[in-house]
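Line order of the protein sequences matches chains G and B. Per the working numbering, the very first residue in the first sequence carries number 98; after that it's consecutive. Per the working numbering, the very first residue in the second sequence carries number 98; after that it's consecutive. Notes follow once the structure below has been shown.
2 protein chains.
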Amino acid sequence: MPKGVTVWLTGLSGAGKSTIAHALQANAESRGRLVEILDGDIVRENLSRGLGFSKEDRDTNIRRIAFVSHLLTRHGAFVIVAAISPYAGVRNEAREMIGDFVEVHVDCSIDVLTARDTKGLYAKALTGEIKNFTGISDPYEAPTSPELVVSTAREDVAQSVGRIERYLEANGYINTD
Amino acid sequence: MPKGVTVWLTGLSGAGKSTIAHALQANAESRGRLVEILDGDIVRENLSRGLGFSKEDRDTNIRRIAFVSHLLTRHGAFVIVAAISPYAGVRNEAREMIGDFVEVHVDCSIDVLTARDTKGLYAKALTGEIKNFTGISDPYEAPTSPELVVSTAREDVAQSVGRIERYLEANGYINTD
């Protein structure tokens, strides 16, 4: 049985965190490993209702995700966090707490995201209709030394997921085929 | 590997939930099973800071404990919840969500608890210095059909823990020696 791990996907809204999370989950589950995805929305619904998008509230929300990921990881679970998690400080707290922690920067430029804008959020952020929007009106502190960077503008989902899986295999978090 | 389970200890403040939780944990861990205790204080610190003791806030706190217990249980963990959890409705929600759920009523009369009063809380509750105190100024809805009732006034910790362990063994949640 491989040890527990948290794969922490950080990146801007629309960069592809959830898509990668679900593809990684599907692959791992086809190989018999139960995977828990904790995405920002699930956690806001179940653990953080009432919190807003100030730095303090975002940090509190991320600390709660980290606490739950920590518990699951030490019980051997394969956890994928898919949350913007814009602040480096609290991501580093999560790394310290969890230990078996693989930070993946899901990277995509604001220009590409604004052009894609599949949910129309960037247009609303640019006009100010949505406030505190990470990358537009709120900061995003990119990881300085993540375990991996995947670029959803330059590689397809299968390539990104494949690189994450190879990292996890190499570090004993999933069995090799 | 036995399946995951949540042992949910409900009862009044001072009834002995934490004592039983730690004894049960020690026994199970001596038999090689990692155990997670989620007690009311840990969860208020990590998931529910800012919530108070109204029915709504208590229910929200218990729903968060249930959410985390559910995730841990489905990943195979042995979870012990030690929380007053005074309201039957939200305990039943937890039962539904978690599935592998063993509700244990840690029973002790108000008279005995008021006489013991190891932390001096009942004295303060009786004078009104502490408000919303379960069993004095706030309701406690005892379980009507728990898997087990343990009486900390009539049996010692080893007896209570032994009965819980036999229930868990009989239901495949811990291996028999």
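Using N, Cα and C, we set each Cβ at its ideal position, and we do this for glycine too.
Backbone CA spacing between residue i and residue j [nearest angstrom]
i, j, result
"B/Pro240", "B/Tyr184", "9 Å"
"B/Arg141", "B/Arg160", "12 Å"
"G/Arg155", "G/Leu144", "12 Å"
"G/Gly149", "G/Phe230", "12 Å"
"G/Leu223", "G/Gly232", "10 Å"
"B/Asn189", "B/His202", "13 Å"
"G/Gly147", "G/Gly108", "23 Å"
"G/Ala217", "G/Arg251", "A small correction: the amino acid at residue 217 of chain G is Gly; Ala does not occupy that position in the sequence shown. Whole-angstrom Cα-Cα distance: 22 Å."
"G/Ile139", "G/Asn158", "11 Å"
"B/Gly137", "G/Asp253", "45 Å"
"B/Ala220", "B/Leu210", "10 Å"
"B/Asn272", "B/Gly186", "32 Å"
"G/Arg130", "B/Arg128", "25 Å"
"B/Ser206", "B/Arg171", "34 Å"
"B/Pro99", "B/Leu169", "14 Å"
"B/Glu226", "G/Glu226", "47 Å"
"B/Val247", "G/Val247", "54 Å"
Same chain, Cβ closer than 8 Å to residue i, five either side skipped, listed in chain order
i, result
"G/Val199", "Val102, Thr103, Val104, Trp105, Glu244, Leu245, Ile261, Tyr264, Leu265, Asn268 and Tyr270"
"B/Leu135", "Ile162, Val165, Ser166, Val176, Ile177, Val178, Ala179 and Ala180"
"B/Gln122", "Val132, Ile134 and Ile177"
"G/Asp214", "Gly111 and Ala220"
Of the residues the options, the one placed nearest residue i, counting alpha carbons only
i, options, result
"G/Asp208", "G/Gly129, G/Thr249, G/Ile227 and G/Ala191", "G/Thr249"
"G/Lys152", "G/Val254, G/Thr273 and G/Tyr237", "G/Tyr237"
"B/Thr116", "B/Ala191, B/Ala220 and B/Ser257", "B/Ser257"
"B/Asp197", "B/Gly173, B/Gly129, B/Arg130 and B/Thr157", "B/Gly173"
"B/Asp204", "B/Gly113, B/Lys221 and B/Gly137", "B/Gly113"
"B/Arg192", "B/Glu126, B/Pro99 and B/Ser242", "B/Ser242"
"B/Ala255", "B/Lys100, B/Glu226, B/Pro99 and B/Ala118", "B/Ala118"
CB contact below 8 Å: residue i versus chain G
i, result
"B/Ala180", "no"
"B/Glu193", "no"
"B/Val187", "no"
"B/Gly173", "yes"
"B/Leu169", "yes"
"B/Leu131", "yes"
"B/Asn272", "no"
"B/Leu265", "no"
"B/Asn124", "no"
"B/Leu245", "no"
"B/Leu144", "yes"
Alpha helix (DSSP H) segment containing residue i, residue limits
i, result
"B/Ser175", "Note on residue identity: the sequence assigns Phe, not Ser, to residue 175 of chain B. Here B/Phe175 belongs to no alpha helix (DSSP H); instead the beta strand (DSSP E) covers Phe175 to Ala179."
"G/Leu169", "Lys152 to Arg171"
"B/Leu210", "Ile207 to Arg213"
"B/Thr116", "Lys114 to Ser127"
"G/Ser145", "No alpha helix (DSSP H) holds G/Ser145; DSSP gives it neither H nor E."
"B/Asn189", "Ala185 to Ile195"
"G/Glu87", "Nothing in the structure corresponds to residue 87 of chain G, since chain G is present only between 98 and 274."
"G/Tyr219", "Leu218 to Thr224"
The beta strand (DSSP E) enclosing residue i, as first and last residue numbers
i, result
"G/Asp136", "Val132 to Asp136"
"B/Ser248", "Leu245 to Ser248"
"G/Asp204", "Phe198 to Asp204"
"B/Thr41", "What the structure shows of chain B is the stretch from 98 to 274, and residue 41 of chain B is not part of that stretch, so it cannot be assessed."
Contact set for residue i: own chain, Cβ-Cβ below 6 Å, skip 5 residues either direction
i, result
"B/Met194", "Ala163 and His167"
"B/Ala212", "none"
Contact with chain B by residue i, beta-carbon distance below 8 Å
i, result
"G/Phe164", "yes"
"G/Asn158", "no"
"G/Arg251", "no"
"G/Arg161", "yes"
"G/Leu268", "The sequence shown places Asn at residue 268 of chain G, not Leu. Output row for G/Asn268: interface = no."
"G/Leu106", "no"
Close-in-space but distant-in-sequence residues of the same chain around residue i (CB under 7 Å, 5 per side omitted)
i, result
"B/Lys228", "Ser234"
"G/Ser110", "Ile181, Leu218 and Thr231"
"G/Asn124", "Val258 and Glu262"
"G/Glu126", "Val132"
"B/Ala120", "Val254 and Val258"
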